[in-house]
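Worksheet: the structure to be examined is printed underneath.
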Amino acid sequence: MSFKDILGKAKARAEGFAAQHNIQIPGSTSTSQNHPAPQQYQAQQPQQPYQPHPGAPPPIPQNRPSYSSIHPYWNPSFSRSTPVTDNFRHQLGDHGWGNNELQNYVDNPANSFHDDQGNLVLRAIASNGQFTSARLTSHTTLGRDRGSLVATISPPCASGIWPAFWLLPREPFTWPNDGEVDIMETWNADLVNHTCLHWGHFNGEDWNKHRVVETHLHNMPHTAHTFEFAWNQPENGIGGKMVWYIDGRIVMKADVPEGTRRMNDFQVIINVAMGGNVCQGKRPDDGVYDLKIHSLKMCDEPTGGWGKFESDWHHGPEGHAM
Numbered sequence: 001m002s003f004k005d006i007l008g009k010a011k012a013r014a015e016g017f018a019a020q021h022n023i024q025i026p027g028s029t030s031t032s033q034n035h036p037a038p039q040q041y042q043a044q045q046p047q048q049p050y051q052p053h054p055g056a057p058p059p060i061p062q063n064r065p066s067y068s069s070i071h072p073y074w075n076p077s078f079s080r081s082t083p084v085t086d087n088f089r090h091q092l093g094d095h096g097w098g099n100n101e102l103q104n105y106v107d108n109p110a111n112s113f114h115d116d117q118g119n120l121v122l123r124a125i126a127s128n129g130q131f132t133s134a135r136l137t138s139h140t141t142l143g144r145d146r147g148s149l150v151a152t153i154s155p156p157c158a159s160g161i162w163p164a165f166w167l168l169p170r171e172p173f174t175w176p177n178d179g180e181v182d183i184m185e186t187w188n189a190d191l192v193n194h195t196c197l198h199w200g201h202f203n204g205e206d207w208n209k210h211r212v213v214e215t216h217l218h219n220m221p222h223t224a225h226t227f228e229f230a231w232n233q234p235e236n237g238i239g240g241k242m243v244w245y246i247d248g249r250i251v252m253k254a255d256v257p258e259g260t261r262r263m264n265d266f267q268v269i270i271n272v273a274m275g276g277n278v279c280q281g282k283r284p285d286d287g288v289y290d291l292k293i294h295s296l297k298m299c300d301e302p303t304g305g306w307g308k309f310e311s312d313w314h315h316g317p318e319g320h321a322m
């Protein structure tokens with residue numbers, strides 16, 4: 001995908017936010033239509049395993065670190081008896097989110113719920129030309145000058161489906177000036193995780209302020225992966241370091257960009273988009289597409305401690321410009 005296409009993906013999020021709050025961005029449009037309540041359908045069958053092409057980067061190793069030793073300061077309950085709204089608010093709308101997306105984000109127990117296995121499930125449903133899904137924003141912020149966010153996730157992998165686990169500053173904010181952190185996102189069953197950082201201004205002069213690392217996860221449709229984002233920022237909120245991990249392996253590092261919002265003011269966003277520009281106009285087949293969060297927590301230190309974080313930051317790869 002070209003820089004223009006991927007940057008358009010990021011811009012779509014800002015336009016979606018603006019549309020939700022009745023803020024018009026030049027050149028953008030929004031529409032609204034009513035959708036009937038979603039129904040239950042049989043889940044899609046898993047896709048065939050990904051076959052890497054010659055020269056593709058190696059997949060994430062399967063020997064994973066233990067995450068049980070890190071101490072959380074936020075660890076939301078996914079019990080069936082706990083309402084999803086105890087920890088998240090629903091963002092609603094079917095206006096395309098600036099990206100010509102098909103889904104109507106709804107507050108409906110058919111689309112966001114805790115299952116019997118203790119997972120948070122966001123369910124996108126496609127049926128007879130109707131598309132419903134969920135988009136959740138955490139009530140809490142990162143709330144620390146340094147810490148880590150850890151989630152074990154099973155994303156849906158299918159044509160026309162775009163699940164994401166990411167961070168934006170608490171509202172109100174300016175995009176991309178205040179920053180965006182993408183931890184897990186994949187689309188069109190490409191079996192690639194796109195780790196991203198956005199800041200600066202939305203123009204050609206700031207082309208290098210949109211960074212990404214693509215990580216092939218050939219078993220993504222069948223195996224949950226643990227995504228961790230760790231940050232360390234001075235008390236004055238200027239500068240700092242960020243590191244992204246998948247299953248304990250560093251995949252990207254970055255300085256906290258100058259002029260972005262303090263890290264302690266960012267919130268977690270989880271959603272499943274359907275169709276639209278990023279999915280290159282592909283529409284999902286009728287069925288259900290579940291994004292499962294098996295565990296989620298914010299911790300005072302990253303896995304392995306701050307010494308490992310510093311070593312990883314010095315030796316880890318930086319993202320390339322989109």
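Just so you know, we're using the numbering used here here: the sequence shown kicks off at 1 and counts up by one.
We treat Cβ as the ideally placed atom computed from N, Cα and C, and that holds for glycine.
Every value quoted in this text rests on a predicted model; they were computed, and no experiment measured them.
- Counting only runs that start and end inside the stretch 160-188, the beta strand (DSSP E) elements of at least 3 residues fall at 161-169 and 180-185.
- As summarised for the stretch 76-155, the continuous beta strand (DSSP E) elements at least 3 residues long and confined to that stretch are 88-90, 112-114, 120-127, 130-133, 135-141 and 146-154, given in chain order.
- In the three-state scheme derived from DSSP, where H, G and I count as helix and E and B as strand, TRP199 is classed as coil.
- Note on GLN267: 16 or more other CB atoms within 10 angstroms of its CB, so buried under the neighbour-count rule.
- Rounded to whole angstroms, HIS314 and GLN233 show a C-alpha spacing of 16 Å.
- Fully contained in the stretch 279-317 are the following alpha helix (DSSP H) runs of length 4 or more, in chain order: 305-315.
- Annotation for ALA224: no beta strand (DSSP E) segment contains it, and DSSP assigns it neither H nor E.
- One thing to note: PHE227 has its Cβ within 8 Å of the Cβ of PHE165.
- Contact check for HIS225 against ILE250 fails: the beta carbons are separated by 8 Å or more.
- Judged by DSSP in its simplified three-state form, ASP265 adopts helix.
- Annotation: VAL121 to LEU291 spans about 6 Å, alpha carbon to alpha carbon.
- The beta carbons of ALA110 and ARG123 sit about 7 Å from each other, so the pair counts as a contact at 8 Å.
- Scanning its chain for C-beta atoms nearer than 7 Å, with the 5 sequence neighbours on each side dropped, one finds around ASN264 the residues THR141, LEU142, GLY143, ARG144 and ASP145, in chain order.
- Straight-line measurement puts the Cα of PHE173 at about 21 Å from the Cα of ALA254.
- Contact annotation: SER133 and PRO302 have beta-carbon atoms that are not nearer than 8 Å.
- Here VAL272 is near TYR289, since their CB atoms are less than 8 Å apart.
- When DSSP reads this structure, ASP190 sits in no beta bridge, so it has no partner.
- When the five nearest sequence neighbours on each side are left out, the beta carbons in the same chain lying within less than 7 Å of the beta carbon of SER138 are those of ASN87, PHE88, GLN267 and VAL268, in order along the chain.
- Judged by DSSP secondary structure, ALA158 falls outside any beta strand (DSSP E); it is assigned neither H nor E.
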